[in-house]
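Notes for the one structure printed next.
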Amino acid sequence: SKSPSPRQYMPVRYFIMKSSNFQNIEISQQKGIWSTTPSNERKLNGAFWESVVYLIFSVQGSGHFQGFARMGSSIGCEKSQDWGSAGLGGVFKVEWIRKESIPFQFAHHLLNPWNDNKKVQ
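Mapping to the UniProt record's numbering: the sequence shown position 67 is 67, numbers consecutive.
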């Protein structure tokens, strides 16, 4: 019999990933990669090693979530030439689960206890 994946029993963490534009989301969905600011890297890498990490994506100012993905690797030093925005850190793998636009209003019942119980958006 096949033994269960060790990650199967790990805690789950969720992070909202804000993008400055739709193009970066499209590149991520096509190539299965993402990059974030260096200030977010330590937090995401720490979460990746201790839990299953889901990333919920939203383009700034869109009023929508554009989908969500599971973090598939830790963040390394390799940079990507794909991103139009400077100031991003290393690339990491993401496995997209949903690629659809969902208005924030559908999540207004969700509150973030780590952000003064503000609405998740």
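By construction, the Cβ of each residue, glycine as well, lies at the ideal position given by its N, Cα and C atoms.
Computed from a prediction, not measured in an experiment: that's the story for all the values here.
Nearest neighbour of residue i, chosen from the options [CA to CA]
i: F108; options: R70, Q29, F65 and W34; result: It is worth fixing the name first, because residue 108 is His in this sequence and not Phe. The option with the nearest alpha carbon to H108 is F65.
i: V94; options: S28, S101 and E78; result: S28
i: Q81; options: S19, I33 and F22; result: I33
i: G76; options: W96, R98, T37 and F104; result: T37
i: F106; options: G63, K99 and G89; result: G63
i: M10; options: F22, I16, V52 and S19; result: V52
i: W96; options: I56, K79 and F15; result: I56
i: K79; options: V59, F92 and N40; result: F92
i: V12; options: K119, I102 and M71; result: M71
i: R98; options: A47, G89, G67 and Y54; result: G67
i: I102; options: S73, D116 and Q121; result: Q121
Endpoints, beta strand (DSSP E) assigned at residue i
i: A92; result: Per the sequence shown, residue 92 should be read as Phe rather than Ala. V91 to R98 is the extent of the beta strand (DSSP E) around F92.
Completely contained beta strand (DSSP E) runs for the region 7-82, where each covers 3 or more residues: 12-19, 33-35, 52-59 and 67-71
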